[in-house]
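A quick write-up on the structure given underneath.
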Amino acid sequence: SIFVHNHDLMGKEHFQYSKIAVPAEDQEQAHHLWALGYTPSAIYDKLTMGKNVSYQPEAIGKILSSVNREQRAHSAKKLVEWGLERSSVDSYYFAYHCCPVTNSLQRIFWASPEHIKRVQKYGKVLMLDATHGTNLFSMQLIFVTMINEYGKSTVGGYGLLLEETTEAWAWFLEQLKCS
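In the numbering used here, the protein residues as written are 949 to 1127.
Put into structure tokens, the structure is as follows:
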């Protein structure tokens, strides 16, 4: 059932979703917006803006899930290539770990030469903070921070962990120690 609605008069809880499939041109646009870094909710808003139709949000999720897997694998490969290049050209410390069964990226750690100096100088007390769900890989982004001589926080390295397990944290801390 397709109908006209007014966003200013009705809340989203009153919308009825169409039973029609997402057209091919909207699927293409969804892929393009996803590649540009739009979130699924922003893509949904763009696809339905100004139209007399409201797709089921799950339909957009299904379209993006295949792209998401492909893009995540491609981006993980690019991230590892970037890290290996930085380690050979710019003296970055870079380490990664892939699952031996699926070969999917599980953990990554990197620190620039400046980060390494900071850890050596101020690293008696470290703060580790993880953000969840803020990146393409759906991994926790870890910041290693410490306090410098001016009482300001400063970054000493970064990491991505797929899971917050004892094994993953031990690996992360070992990489920090090796850097």
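Virtual Cβ for every residue (Gly too), placed ideally from N, Cα, C.
Computed from a predicted model, the values in this text were never measured in an experiment.
Select from Phe1057, Glu1029, Lys1072 the residue whose C-alpha is nearest the C-alpha of asparagine 1096. Lys1072
Using three-state DSSP, classify valine 1028 as helix, strand or coil. helix
When you compare only the Cα positions, how much space is there between valine 970 and threonine 996? 10 Å
To the nearest angstrom, report how far apart histidine 1045 and glycine 1099 are at their CA atoms. Each residue's Cα considered, the two are about 34 Å apart.
Status (buried if at least 16 other CB within 10 Å, exposed otherwise) for histidine 1063: Burial state of histidine 1063 is buried, judged by a 10 Å Cβ sphere holding 16 or more other Cβ atoms.
Throw me the rounded Cβ distance for the tyrosine 1106 and phenylalanine 1091 pair, which I believe falls under 8 Å. 6 Å
Within the same chain, show all residues whose beta-carbon is closer than 7 Å to that of lysine 1069, passing over the 5 residues directly before and after it, in chain order. none
Should alanine 990 go down as buried or exposed, given a rule of 16 or more other Cβ atoms within 10 Å for buried? Exposed.
Mapping DSSP to helix, strand and coil, what is histidine 1080? coil
Should leucine 915 be labelled buried (16 or more other beta-carbon atoms within 10 Å of its own) or exposed? The chain is shown only over 949 to 1127; residue 915 falls outside these bounds and no answer can be derived.
Minimum length 3: unbroken beta strand (DSSP E) runs contained in the region 1027-1115: 1041-1046, 1053-1059, 1075-1079, 1088-1095, 1101-1109
Output yes or no for whether 7 Å exceeds the beta carbon distance between arginine 1034 and tyrosine 1040. Result yes, Cβ atoms of arginine 1034 and tyrosine 1040 sit closer than 7 Å.
The alpha helix (DSSP H) with histidine 986 in it runs from where to where? First, the residue type needs correcting, since residue 986 is tyrosine and not histidine in the sequence shown. Note, tyrosine 986: premise wrong, no alpha helix (DSSP H); not H, not E.
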